[in-house]
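Novice: The working numbering numbers the first residue of the sequence shown as 70 and each following residue consecutively.
Even glycine gets a Cβ: it sits at the ideal position worked out from N, Cα and C.
Following this message is one structure expressed as structure tokens.
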Amino acid sequence: LRDDTRYEDEDVKEAIRRLPENVYNDRMFRIKRALDLSMKHQILPKEQWTKYEENKTSDLIGEMILLKSLRKSLI
């Protein structure tokens, strides 16, 4: 799957809209923190990195995009 923070087509926008509120808020926090650190030319300390198994957003968005693609192909 592609990186949903760079390009949001209609499928990604719909998947993001359907995210549970807490997952959406976590995603927005990570994006804002990344932008802030980028502007300051800083790197997030390794102990604050999101661990792969903790990242629910990518899994949910990927599943939603896949389901929507399957629905489109069946129509």
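Under DSSP, the alpha helix (DSSP H) around Ile-112 begins and ends at which residues?
Specialist: For Ile-112, there is no enclosing alpha helix (DSSP H), as DSSP marks it with neither H nor E.
Novice: So Asp-80 is in the alpha helix (DSSP H); what residue range does that whole segment cover?
Specialist: Note, Asp-80: alpha helix (DSSP H), 79-86.
Novice: For Leu-129 and Leu-88, which I take to be in contact (beta-carbon distance under 8 Å), what is that distance rounded to the nearest angstrom?
Specialist: So it is a contact: roughly 6 Å between Cβ atoms.
Novice: Using a Cβ-Cβ cut-off of 8 Å (strictly less than) and excluding sequence neighbours within five positions of Leu-106, which residues of its own chain qualify?
Specialist: Excluding the 5 residues flanking it on each side, Leu-106 has same chain C-beta neighbours closer than 8 Å at Ile-112, Leu-113, in chain order.
Novice: Straight-line CA distance for Tyr-121 to Val-92?
Specialist: 14 Å
Novice: DSSP state of Tyr-76, grouped into three classes?
Specialist: coil
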